[in-house]
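The numbering of the sequence shown is my numbering, which starts it at 41 and goes up by one. Note sheet for the following structure.
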Amino acid sequence: MDTDVEPGSRLEGSQTGRRTYLRRTAAVFGLGLLGVAGVGVSLALAPEGLPTVPDVPRSVLLVASLVQPAVLVLVAAAVGARLAPGLGFRSHVVARVEGESLRRPLRRAARTAVPVGLAVGGLIVVLDAGLSLLAGAESSLTATEATTVATVLASIPARFLYGGIAEEVLPRWGFMTLLVWVGWRLTGRPTRPSAPVVWAAIVGAAVVFGAAHLPAAAAETSLTPSAVARIVALNAVGGVAFGWVYWRYSLEAAMLAHASAHVALLVPALTTVL
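Set out below in structure tokens:
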């Protein structure tokens, strides 16, 4: 009799674990989709950002442009949902679908995340100005196709939603978590990943995060080697800070920090068109 009950118990546990995993994935994916939607809103407000394809309606191009980031967000959400809880990383929306409250933990996280984000954004603006001056080149923060106040304002949904939300699901919840998991396994699977393992993942994910900005920058301006180094380094500065916030607080705290950084980064973009 016991042998008949045991497999059923294991099956029930497996099914419960699968449902929990799917709920975690869906929660983070739904949050990430808000970021993808931000890109859609910005493109709808400034459709000149869409490619021109003969006989293809702009609405079709708009939807098509959102498919790739949505798929990437789904993959990152699934990776993090599988690995993050066991490594000690936290998401408040995941905790919420598992029955915990959102309000108080988010409020606590915001007290650190928002000042960190504003400080990092200001630091990036200052570093960019100094490095651009030394290189005798145009600032990487102002070398964009946004030539009017309207186009800068149209970029706000993408900056704050895609930048603040989706860009934390992708490099932090997905990629950084994966790097930590690999490092944790290589170091013998201790109870929790060591600080050096986490820091290596933070820096690695930050550099990849910085490099991921190069295609968009190349579409707007010609890139010299110094410009490439500057873009990667400046974005990596933000990536390290957001990675630390993710590690010490939560995914949503990293999102708040990232979005807050864009408040400071919006200033040079506006000054070029006013």
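By construction, the Cβ of each residue, glycine as well, lies at the ideal position given by its N, Cα and C atoms.
Nearest-angstrom Cβ-Cβ length linking residue i and residue j, presumed shorter than 8 Å
i       : j       : result
Val-165 : Leu-181 : 7 Å
Trp-213 : Gly-120 : 4 Å
Ala-194 : Ala-301 : With a Cβ gap of about 20 Å, Ala-194 and Ala-301 do not count as contacting.
Leu-62  : Leu-123 : With 8 Å as the limit, Leu-62 and Leu-123 do not qualify as a contact, their Cβ atoms being about 15 Å apart.
Cβ-Cβ distance between residue i and residue j below 7 Å
i       : j       : result
Gly-278 : Tyr-202 : no
Ile-205 : Leu-296 : no
Val-247 : Pro-233 : no
Val-68  : Ala-135 : no
Ser-262 : His-132 : no
Gly-299 : Phe-200 : It should be noted that the sequence gives Ala, not Gly, for residue 299. Going by C-beta atoms, Ala-299 is nearer than 7 Å to Phe-200.
Leu-102 : Val-76  : no
Ala-294 : Phe-282 : yes
Val-113 : Gly-72  : yes
Met-216 : Ala-241 : yes
Ile-271 : Ala-258 : no
Burial state of residue i (16 or more Cβ within 10 Å)
i       : result
Glu-140 : exposed
Leu-305 : buried
Pro-197 : buried
Leu-274 : buried
Asp-95  : exposed
Gly-157 : buried
Leu-314 : exposed
Val-238 : buried
Pro-327 : Coverage of the chain is limited to positions 41 through 314, which leaves residue 327 absent and any answer about it impossible.
Gly-57  : exposed
Arg-151 : exposed
Ile-65  : Here residue 65 is Thr; the residue named in the question, Ile, does not match the sequence. Thr-65 should be labelled buried.
Gln-55  : exposed
Residue from the options whose Cα sits closest to the Cα of residue i
i       : options                               : result
Val-209 : Ser-82, Arg-63 and Tyr-286            : Tyr-286
Ala-84  : Arg-98, Val-93 and Leu-114            : Arg-98
Leu-174 : Leu-112, Ala-267 and Gly-223          : Ala-267
Thr-231 : Leu-90, Val-93 and Gly-126            : Gly-126
Ala-104 : Leu-114, Val-113 and Leu-90           : Leu-90
Ala-177 : Leu-102, Thr-264 and Ala-245          : Thr-264
Val-243 : Val-111, Glu-260, Pro-211 and Pro-145 : Pro-211
Ala-269 : Leu-71, Trp-284, Gly-250 and Ala-281  : Gly-250
Thr-312 : Ser-179, Gln-55 and Leu-163           : Ser-179
Val-189 : Leu-167, Gly-161 and Val-307          : Val-307
* Minimum length 4: unbroken alpha helix (DSSP H) runs contained in the region 193 to 243 -> 217 to 226
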